[in-house]
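Residue numbers (the working numbering), protein chains in the order written: chain A, 1 to 117; chain B, 1 to 694.
All C-beta atoms in this analysis are idealised placements derived from N, C-alpha and C, irrespective of residue type, glycine included.
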């Protein structure tokens, strides 16, 4: 799927969050990095287990959406809904895309200073 | 009242339940920044376990979780005791309306959609907490109100006239001891009396028609048959064209019971349950308040004179029964006397109303005195009592307390004059009362100073013309030689119980004198000593007699104890046993004033008596030619038939003596031989006068 038009970072959300939690923002994105890396590493073993995949993508969707990582949220949601509705989707391509987008997102967060490099 | 939470936010604990570590972390950071204390769990089971031990102030709960999902977690949290007030905010996807509905059914208070709007989150939490505080306060108020209503035993009800249904809430059901919540009006009214049912129905009809509220008090028999007293209020429900009445019922049975007890305590005598003096004053004040000046009201104070002497040994139960019996005797005869109050242990008071003259009141009083010439039956035994009536009249005095006080003064005067009559209060009685107090004081001193002396009147044996006995009689000789006679001091002594001391003095002196005469060689001269009613019922009587015999070393057969017929008849059982004891000590027993009282032959036969003393009133009228002697002859014959030793009193003339001797009266006493005299004169009588009398 073409996700170029969807921003990696929803900056209004992220800035609003930063205003609220101030310095804790770094811990949140650090947690995101750790948690989602861990989830993504479980995906290759789960490609033939749709229930497990739904759960993993649901978590990524929730984590990403809450903290303004919009492109990650959309892709995770596409996977979750596609699997739930038995839509004709290509899991390999989408999970691949999710992994790549995660790297781009973390880079973007590092670039924006929300994750310390 | 401040409904809002007064605790600092840092003490408010929020529990986050979400499997997603990032969301948990973010929620924690946001809420901590807002100042709350935050805990988190990564699944439903952990959250339930946590809440079992420690209840947070609010729960943020993710719906989609592996294991126990958000819905079941929510239900489980609600099922923990008393968790209804815990705010549970569920976290759900924006487009997931179905899950929001389901969460609500599972007990969720509110929801927040994901992605979470962080700026709004703390506001939503704050609102949920405030709402929780409001509900808590409301719940507390409701519980307090319910508790208060429960304590006050107040319950609500509603009546819908369109379907004739009376609905009572559970509290009301409990108060009324009923089992159902719904009743027809008829079913409800069946628990009251017919008259009350009509009243209640009229009130309800009137309220439905005119909208006026009502309040009434009525009885209510609950399903256990216990009768309650209810205050019952009702008013029209505040709605257009209302057919409904709403109201309260309060069980005031206990209050009424307490009020009644207090009323009883204040106005009734607990022993006899008769009304007391306060109640008499209340009734009297009612009459005075009504200003019935044209008619007279008699305030009557009636003392049961003989009861005064027997009440002490017989105990208060007996006294109460005696007074009750006297009260019912009066009321049975005089239906107009509505109420008899107990004024003291042995007296009652009552009002006689609506008379035009004092004479009419006097007539009533005399009829009452007559009424008591018949014995009262108490505990299956007959008792004779004389009564004294004091009376004051409204409006001669117009203050209730004064009236009652005057009545009491009149009664005391009446007793002092020997009783068995009616005295109306006069101002001079106040002086009399003062004089009596002075006299009483003087008497106490006189006893201490040995101013009381026994005088003796000789008794002559008609067969042998010898002196065989003497009667001891009390005299009061003041230091200046002035002699006071018994009719002045005996009634007073009976009133204040000085008679006991006085009786002991005379008994001692009589025994000693008889001993003295024997020692001097005058022979055995029996001493007769009168006992008053109080002495006769005195528990120390026997001890005192033993003491007198012991002190004087007098053989008991030389002592004769005399009681009057009326003393014996007051309490025949006591008289029999006491006389028996005295007789077993070897002492002679004698009945004084024989023929004047009420005693029947059958009673006389029961009494352990040696001697009958024929009253002087039968002897004095006898003339020289034996005219007017029929009654005396009859009485002597009666004495013979009872095998009694007979002593006649009142022999004033020689022919009295001769008549008595002729008709077989064993001994004679009277002025013909000698008036009562002191010891010296008595000796002189023996030595110098006796021989000249025959």
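A Cβ-Cβ contact shorter than 8 Å links residue 305/B with residue 387/B. Secondary structure at residue 279/B: helix, using DSSP grouped into helix, strand and coil.
Within a 10 Å sphere around the beta-carbon of residue 24/B sit 16 or more other beta-carbons, which makes this residue buried. The region 458–478 of chain B and the region 677–688 of chain B touch, with three or more beta-carbon pairs separated by less than 8 Å. The alpha carbon of residue 492/B has as its nearest neighbour, out of 438/B, 458/B, 510/B, the alpha carbon of 438/B. When the Cα atoms are used, residue 116/B and residue 38/B turn out to be separated by approximately 17 Å. Looking at 639/B, 673/B, 650/B, 142/B, the one whose alpha-carbon comes closest to that of residue 664/B is 639/B. Cβ proximity to chain A below 7 Å picks out 114, 115, 116 from the region 83–117 of chain B. When DSSP states are grouped into helix, strand and coil, residue 107/B belongs to the coil group. For residue 72/A, the enclosing alpha helix (DSSP H) has its first and last residue at 70–84.
Beyond the five residues adjoining it in sequence on each side, residue 682/B comes within less than 6 Å, by CB distance, of 456 in the same chain, given in chain order. Against chain B, the beta carbon of residue 17/A has neighbours under 8 Å at 26, 30, 118, listed in chain order. For the C-beta of residue 23/B, the chain A residues within less than 8 Å are, from N- to C-terminus, 62, 63, 66.
Annotation for residue 106/A: the continuous alpha helix (DSSP H) segment containing it runs 91–112. For the C-beta of residue 19/B, the chain A residues within less than 8 Å are, from N- to C-terminus, 59. Closest in C-alpha terms to residue 46/B, from the list 59/B, 17/B, 96/B, comes 17/B. In this structure, the beta-carbon distance from residue 245/B to residue 212/B does not fall below 8 Å. Non-local beta-carbon contacts of residue 281/B in its own chain, meaning distances under 7 Å to residues more than five positions away in sequence, involve 400, 401, 404 in chain order. With fewer than 16 other Cβ atoms inside 10 Å of its own Cβ, residue 80/B counts as exposed. Contact fails between the region 378–386 of chain B and the region 258–267 of chain B, because fewer than three Cβ pairs, one in each stretch, are under 8 Å apart. At least one CB atom of chain A sits nearer than 8 Å to the CB of residue 33/B. Counting C-beta pairs closer than 8 Å gives fewer than three between the region 18–37 of chain A and the region 79–95 of chain A, which falls short of the contact rule. Excluding its 5 nearest sequence neighbours in each direction, residue 76/A has C-beta neighbours in its own chain below 7 Å: 57, 60, 61, 64, 98, listed in chain order. Taking the beta carbon of residue 66/B as reference, the chain A residues within 8 Å of it are 55, listed in sequence order. Between residue 79/A and chain B, the shortest Cβ-Cβ separation is not below 8 Å. In the DSSP assignment, residue 682/B falls within the unbroken alpha helix (DSSP H) covering 679–684. Counting other Cβ atoms within 10 Å of its Cβ, residue 446/B reaches 16 or more and is therefore classed as buried.
Cβ-Cβ separation between residue 532/B and residue 506/B: approximately 10 Å, too far for a contact (criterion under 8 Å).
Comparing C-alpha distances from residue 365/B to each of 420/B, 397/B, 316/B shows the shortest one belongs to 420/B. Taking a cut-off of 8 Å on C-beta distances, the region 236–254 of chain B touches the region 156–171 of chain B, as three or more cross pairs fall below it. Straight across, the Cα-Cα distance linking residue 150/B with residue 171/B is about 7 Å. A Cβ-Cβ separation of about 6 Å places residue 112/B in contact with residue 124/B under the 8 Å criterion. In this structure, residue 556/B places its C-beta atom within 8 Å of the C-beta atom of residue 585/B. For residue 85/B, the closest C-alpha among the options 138/B, 22/B, 471/B, 565/B is that of 138/B. With a cutoff of 8 Å on beta-carbon distance, residue 67/B and residue 103/B are scored as not near each other. Under the 10 Å beta carbon count, residue 694/B is surrounded by fewer than 16 other beta carbons and is classified as exposed.
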